[in-house]
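A short write-up of the structure that comes next.
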Amino acid sequence: MLSPKRILICDDSPVVHRSLSKYLQEFEGVSVIFASDGQEALNCMANERIDILFLDLTMPVMDGFEVLEELADQRSELSIIVLSADIQQQAKERCSRLGAAHFLAKPFQKQMLLKVLSEVGVDGALPSNDTQHLASTKIRHISVEPSPAFITRGNDACLTAFREIANIALGRGGAIISDHLGEFIKMPQPNVAMLCPADLLMTIHDIKHQPDSTAISQRFVGGGIHGEALICLHGRDILHFGERLGFSQVDENKHEIVVNIANLMVSSFLVALSEQMNIPFSVRQPLVMEDYMAWGDNVSNQQSLFTVEYCYKAERYDVECAVLFMMDCHSIPVIRQIMETLH
């Protein structure tokens with residue numbers, strides 16, 4: 001009897017772990033192991049044989065690019081399938097150069113996944129109507145080891161589900177910016193959390209007190225969700241970065257380029273988020289916070305807010321863009337309902 005194909009899924013998202021596990025249960029003769037970051041994956045591969053590696057690119061501790069670089073010098077029969085929300089063309093080309101056999105964009109379609117699995121030697125899915133056989137196969141052939149991501153993260157299913165959606169939205173938004181810029185954008189990991197007023201004030205303070213920075217505020221609304229984005233741009237190459245994106249500065253006393261960059265950062269994320277949540281968002285004109293030292297003073301009177309925080313960085317420019325999305329307490333039931341519907 002042939003030994004089972006050993007598949008390692010390296011991704012920090014419990015949502016991805018569950019989705020891939022569900023599809024892999026349709027196959028006979030596979031064993032599945034989970035890792036939540038690149039270092040865990042390398043440790044696993046150092047101790048046991050792995051035939052197929054599903055690899056995310058944006059992870060804590062060690063990201064997917066670093067894993068690919070570590071594996072590049074190793075001659076093995078390992079098949080690497082990158083599964084990532086970072087869909088920049090430069091990211092795909094970089095993965096290919098480093099030895100990845102396939103690239104699947106999140107969210108992946110089942111048929112595309114099955115095609116890729118077939119190409120790396122995993123075939124013979126069980127008939128969908130063979131319930132008895134399928135149930136026994138789960139026990140006999142699928143060895144799913146506990147994933148640390150399920151233990152350490154995702155106590156709140158809503159936050160876990162939204163984190164994955166936000167990750168995909170950032171990937172699509174980053175690809176839009178990268179295409180306009182013609183350069184690689186370092187993809188952020190979104191931090192999705194419920195923040196109490198005290199924690200929110202600390203977060204706002206950290207964002208808006210960056211040296212030599214400009215802060216912009218932009219409100220948005222859609223489908224019962226009301227919120228505001230705080231964008232903070234800093235770095236020596238902001239104007240050049242904006243010009244590469246096609247923006248121009250007409251009046252040096254105004255902030256056309258900064259405002260346009262901020263609007264692109266917010267709108268690209270919201271458009272991708274809208275596609276996944278199936279609700280339209282509209283945004284107001286972004287405003288430069290010329291005197292934003294008092295910004296956030298009214299936060300102490302608020303209840304906890306639903307927040308998404310991330311930071312875009314250009315690889316070859318001294319530019320950093322920190323973004324904090326804040327949605328009010330009335331938006332939270334709407335978000336939870338949408339997440340329950342999607343998952």
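For the sequence shown, the UniProt record's numbering gives the first residue as 1, with consecutive numbering after it.
Heads up, the beta-carbon is just placed ideally off N, CA and C, and yes, glycines get one too.
Assuming residue i is part of the beta strand (DSSP E), what are its boundary residues?
i: Tyr23; result: No beta strand (DSSP E) holds Tyr23; the alpha helix (DSSP H) holding it covers Pro14 to Leu24.
i: Ala91; result: Ala91 -> not in any beta strand (DSSP E); alpha helix (DSSP H) instead, spanning Gln89 to Arg97.
i: Phe103; result: His102 to Ala105
i: Leu245; result: First-last for Leu245: undefined, no H or E at that position.
i: Leu78; result: No beta strand (DSSP E) contains Leu78, which DSSP labels as neither H nor E.
Return the first residue and the last residue of the alpha helix (DSSP H) that residue i is part of.
i: Ser118; result: Lys110 to Glu119
i: Val266; result: Glu256 to Met277
i: Ser178; result: Ala157 to Leu181
i: Leu342; result: Ile332 to Leu342
i: Val122; result: It is not in any alpha helix (DSSP H) - Val122 carries neither H nor E in the DSSP assignment.
i: Leu42; result: Gly38 to Asn47
i: residue 348; result: A question about residue 348 goes unanswered here, because the residues of the chain that appear run from 1 up to 343.
Buried or exposed: where does residue i fall if 16 or more other Cβ atoms within 10 Å of its Cβ makes it buried?
i: Glu40; result: buried
i: residue 344; result: Residue 344 is absent from the model: the chain starts at 1 and stops at 343.
i: Cys321; result: buried
i: Thr341; result: exposed
i: Arg284; result: exposed
i: Asp318; result: exposed
i: Glu93; result: exposed
i: Pro280; result: exposed
i: Pro333; result: exposed
i: Gly121; result: exposed
i: Phe103; result: buried
i: Gly246; result: exposed
i: Ala46; result: exposed
i: His133; result: With a pLDDT of only 41 at His133, under the threshold of 50, the placement of this residue in the model should not be trusted, and no figure is reported.
i: Ala72; result: exposed
i: Pro188; result: buried
i: Val205; result: The question names Val, yet the displayed sequence has His at residue 205. His205 comes out exposed.
i: Glu315; result: exposed
i: Asp18; result: It should be noted that the sequence gives Arg, not Asp, for residue 18. Exposed: under 16 other Cβ atoms inside 10 Å.
i: Asp130; result: With a pLDDT of 48 at Asp130, under the threshold of 50, the modelled position of that residue is not reliable, and the figure given next carries that caveat. Exposed is the call here.
i: Met112; result: exposed
i: Ser136; result: Low local confidence applies: a pLDDT of 34 at Ser136 is under 50, so the model's placement there is unreliable, with the coordinate-based value given in what follows. So Ser136 counts as exposed.
My assumption, with CB atoms under 8 Å, is that residue i sits in contact with residue j. Please give the rounded CB distance.
i: Thr203; j: Leu324; result: 6 Å
i: Ile176; j: Ser268; result: 5 Å
i: Ser304; j: Phe220; result: Their Cβ separation, rounded to whole angstroms, is 19 Å, which puts Ser304 and Phe220 out of contact at 8 Å.
i: Leu83; j: Lys110; result: Between Lys110 and Leu83 the Cβ distance is about 13 Å, and since that is not below 8 Å, they are no contact.
i: Ser248; j: His234; result: Ser248 to His234, Cβ: 21 Å. No contact.
i: Phe54; j: Leu20; result: 6 Å
i: Ile168; j: Gln89; result: Actually they do not touch by this definition, with Cβ atoms about 17 Å apart.
i: Val116; j: Ile81; result: 6 Å
i: Ala91; j: Leu57; result: 7 Å
i: Phe162; j: Met339; result: 6 Å
Relative to the alpha-carbon of residue i, which residue among the options has its alpha-carbon at the smallest distance?
i: Asp86; options: Ser178, Cys329 and Arg6; result: Ser178
i: Pro197; options: Thr307, Ala314 and Leu57; result: Thr307
i: Pro60; options: Asn191, Val266 and Asn263; result: Asn191
i: Thr160; options: Gly182, Ile257, Ala193 and Gly246; result: Ala193
i: Gln337; options: Gly29, Val67 and Gly224; result: Gly224
i: Ala157; options: Ser13, Asp63, Gln74 and Thr58; result: Ser13
i: Ala272; options: Ile165, Cys232, Met187 and Val259; result: Ile165
i: Glu48; options: Leu78, Leu113, Thr58 and Gly173; result: Leu78
i: Ala215; options: Phe241, Met187, His226 and Ala262; result: Ala262
i: Lys313; options: Ala100, Leu170 and Gly222; result: Leu170
i: Met289; options: Val67, Gln189, Glu315 and Gln218; result: Gln218
i: His330; options: Arg236, Gly227 and Val266; result: Gly227
i: Gly29; options: Glu256, Asp37 and Asp123; result: Asp123
i: Arg236; options: Gln74, Met339, Tyr23 and Val258; result: Val258
i: Leu181; options: Thr58, Ile7, Lys5 and Glu243; result: Glu243
i: Ser118; options: Phe27, Pro211, Phe108 and Cys311; result: Phe27
i: Lys5; options: Val16, Asp11 and Gln25; result: Gln25
i: Cys44; options: Thr58, Ala91, Val67 and Ser96; result: Val67
i: Ser36; options: Val15, Tyr23 and Leu239; result: Val15
i: His240; options: Ala229, Leu114 and Glu256; result: Glu256
i: Gly173; options: Lys22, Ile50 and Cys311; result: Cys311
i: Cys95; options: Lys186, Leu114, Gln74 and Gly64; result: Gly64
Any idea which residues DSSP pairs residue i with across the strands?
i: Thr307; result: Ala193 and Met326
i: Leu8; result: Ile33 and Leu53
i: Cys321; result: Leu233 and Tyr312
i: residue 349; result: The structure shown does not extend to residue 349, since the chain is modelled only from 1 through 343, so no value can be given for it.
i: Ala215; result: Cys232
i: Val288; result: Ile216
i: Phe281; result: Bridge partners of Phe281: none, in fact.
i: Ile238; result: Bridge partners of Ile238: none, in fact.
i: Leu83; result: Leu104
i: Ile185; result: Ala314
Does residue i get closer than 8 Å to chain B when you measure Cβ to Cβ?
i: Glu119; result: In the structure shown, chain B does not exist; there is a single protein chain.
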